[in-house]
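For the record, in the sequence shown the residue sitting at position 319 is 319 according to full-length UniProt numbering, with numbers rising by one throughout. No residue lacks a Cβ here, since even glycine has one placed at the ideal position from N, Cα and C. If you're wondering where the values come from, they're calculated on a predicted model, not measured in any experiment. Inspection log for the structure reproduced underneath, given as structure tokens.
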Amino acid sequence: MKKSCEEKDCNFNPSSSFIFDTTWRDLLIKTQQNTYIKQRKLSSFTLWDLVVAAEDRTKLYKYFERSLELTHRSVKVSVIVALGVMITLGNIAVLLVISSSVTGWSRNSRYLLLSLTAADSAFGLLVMPLNLWVSLVKDYNEGPDALCHVVAFCNATIYSTCMYTLATISLERYIAIFYPLKSCAILTRKRTLLLIAFSWCFPPFLLFPISLPTDIIQVHFSTASLVCNPSYSTNVLYSLSLTSLIFFPCSIIMTYCNLRVWCAAKRQRLKLRQRDCARRSRPNVASRVLVPVMAAYYTCWTPCMAAMIYNAVSGRSVPEWAEFVVVWLPTSNGFLNCIFYFWINQSFRKKFYHILQTLILALCPKLAHIFGWYSASQIQFVSNIFDNNNSVHGRSASVSSTATLLSLA
């Protein structure tokens, strides 16, 4: 007597209901030596035999999925740790330099750059350790909890603060270049501090619902990105409001200000070239500074915001590695900021060299002697570096020498 359809499990068709791609097929074959398979005493089997022998196909799938995630996790953790070390070391070097006055930078510029450095440092000192800690202590099958809500809130707050700070720096640069005589009156010390306070205080207020373990918006730990992420599809209106109040305003401000500065510098450069045809060509400072800044900003932040909107509208997540890249890509902006806002600036590099030389002279004189640095010059370096933090060298300039773009163009 033939077995019934239920006994044969006719609802399961390996060619239709269960899709086996090359990766899945290879993964099943490789598990022949696995303990999970040996327990069923299968010495030789086909792909169909393996699936039928499993008591629970869903459990088997989850088993392989979990094994694959554990294999990828070590790679992901290595990438995150390396990125965190780069961000932390880069911003420590920046902090050593801009903690005191830098030639050509106004006090307002230093305040804004200190705020940016603090936000970027939080990527390496807060965001990465918190999420790695959660990925280690949180069990795979556990659902969302209060801890994950707090971590997701910290992530979103630091991300938003960084974007607001970048927009504020672009605004300060714009005012310093187009209103050089009125810049001190327009952007006073008090107004600068208020803008910095807004950049740090408004995001926590806006993102506070994420920290609450309620039904306002759900939070889950993503094994793909190793991050506590809000489930944006659980509250589409709130999710789209976040992009409308954070990403789009900051992007508009940065694009408008930097584009205006770049166009003005280009016009001035053409005028100087026509007037002084015999002179050597001047460096294109505007393109060298502004283009990398904007390219890095949109490259790092746009994919993350696009994935956020996609998840909110469709309710689906992007593929595993795509999610990992788009979630952690904005943190790399914390390292790129060290390059585009600081290291390409000649005054910054000069002062960093002085500080490094002073430290080596004080801590390791023998090494300093090898490089030809003598203690006679140490006094000069100390007097030039560790000066009064409230003093301003030169005229009131903007960030990354962009306030002098019009004169250098």
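**For C228, three-class secondary structure by DSSP** = Here DSSP, grouped into helix, strand and coil, assigns C228 to strand.
**Request:** Could you round the C-beta distance between I158 and A197 to whole angstroms and report it? I think they count as a contact, below 8 angstroms.
**Result:** Contact check for I158 and A197: beta-carbon distance about 16 angstroms, past the 8 angstroms limit, so the pair fails to qualify.
**Request:** Could you tell me which residues DSSP pairs with W218 in its beta bridges?
**Result:** One point to set straight first is that residue 218 is Gln, not Trp, in the sequence displayed. S231.
**Prompt:** If you count every other CB in all the chains shown that lies within 10 Å of the CB of S241, and 16 or more means buried, which is it?
**Reply:** S241 is exposed by the Cβ-count criterion.
**Prompt:** Using a Cβ-Cβ cut-off of 6 angstroms (strictly less than) and excluding sequence neighbours within five positions of P203, which residues of its own chain qualify?
**Reply:** Result list for P203: T157, S160, T161, in chain order.
**Request:** Consult DSSP for C364 and reduce its assignment to one of helix, strand or coil.
**Result:** Coil, per DSSP.
**Item:** Boundaries of the alpha helix (DSSP H) in which Y238 is found, first to last residue
**Value:** That run of the alpha helix (DSSP H) goes 236 to 242.
**Request:** Look up D120 in the DSSP assignment and say whether it is helix, strand or coil.
**Result:** It is helical.
**Asked** Do T117 and L95 have their C-beta atoms closer together than 7 angstroms?
**Response** The criterion of a C-beta distance shorter than 7 angstroms is satisfied by T117 and L95.
**Message:** DSSP three-state label for R316, please.
**Reply:** Coil at R316, not helix or strand.
**Asked** With DSSP run on the structure shown, which of helix, strand or coil describes P203?
**Response** In the displayed model, P203 falls within a helix according to three-state DSSP.
**Message:** Give me, in chain order, the residues of the same chain whose beta-carbon lies closer than 7 angstroms to that of N337; leave out the 5 immediate sequence neighbours on both sides.
**Reply:** So the qualifying residues of the chain are L116, D120.
**Asked** Below 8 angstroms, can you find three or more Cβ-Cβ pairs linking the segment 326 to 344 to the segment 289 to 302?
**Response** Yes: the two stretches touch, three or more of their Cβ pairs being nearer than 8 angstroms.
**Request:** Count the C-beta pairs between the segment 163 to 172 and the segment 242 to 252 that are closer than 8 angstroms, then say yes if the count reaches three, no if not.
**Result:** The answer is yes - the segment 242 to 252 touches the segment 163 to 172, with three or more Cβ pairs under 8 angstroms.
**Request:** Could you tell me whether the Cβ atoms of S239 and E323 are closer together than 7 angstroms?
**Result:** No.
**Asked** When the Cα atoms are used, what is the spatial distance from F221 to L187?
**Response** One Cα belongs to F221, the other to L187, and the distance between them is close to 42 angstroms.
**Item:** Burial state of F208 (16 or more Cβ within 10 Å)
**Value:** By the 10 Å Cβ count, F208 comes out exposed.
**Prompt:** How about I210 and T234: do their beta carbons lie closer than 7 angstroms?
**Reply:** Taking 7 angstroms as the Cβ cut-off, I210 and T234 do not qualify as a contacting pair.
**Asked** Is the beta carbon of V227 less than 7 angstroms from the beta carbon of V326?
**Response** Taking 7 angstroms as the Cβ cut-off, V227 and V326 do not qualify as a contacting pair.
**Asked** Cβ-heavy atom distance between S225 and the ligand ZN below 6 angstroms?
**Response** With respect to the ligand ZN, the structure offers nothing, as it holds no ligand at all.
**Prompt:** Considering S251, what are the terminal residues of the alpha helix (DSSP H) in which it resides?
**Reply:** It spans 248 to 275 - the alpha helix (DSSP H) in which S251 sits, taken as one unbroken run.
**Message:** In the DSSP assignment, the alpha helix (DSSP H) including V137 goes from what residue to what residue?
**Reply:** First-last of the alpha helix (DSSP H) with V137: 128 to 137.
**Prompt:** Out of V127, L112, R273, V134, which has the shortest C-alpha to C-alpha gap to R191?
**Reply:** Nearest of V127, L112, R273, V134 to R191, Cα basis: L112.
**Prompt:** By the 10 Å Cβ neighbour count, where 16 or more other Cβ atoms means buried, how is I339 classified, buried or exposed?
**Reply:** Looking at its Cβ environment, which holds fewer than 16 other Cβ atoms inside 10 Å, I339 is exposed.
**Asked** DSSP on S100, reduced to helix/strand/coil?
**Response** S100 falls in the coil class under three-state DSSP.
**Message:** So the candidates are S314, V291, G315; which of them puts its Cα closest to the Cα of I344?
**Reply:** Answer by Cα proximity: V291.
**Alpha-carbon spacing of K243 relative to W301, whole angstroms** = For the record, residue 243 in the displayed sequence is Thr; it is not Lys. The straight-line gap from Cα to Cα measures roughly 11 angstroms.
**Message:** As a quick exercise: from F178, H149, Y341, pick the residue whose alpha carbon is nearest that of R288.
**Reply:** The residue from F178, H149, Y341 with its alpha-carbon nearest to that of R288 is Y341.
**Asked** I92: buried (16+ other C-beta within 10 angstroms of its C-beta) or exposed?
**Response** Result: exposed.
**Request:** Could you spell out where the alpha helix (DSSP H) holding residue 418 opens and where it closes?
**Result:** Residue 418 lies beyond the stretch modelled for the chain, which goes from 1 to 409, so this question has no answer here.
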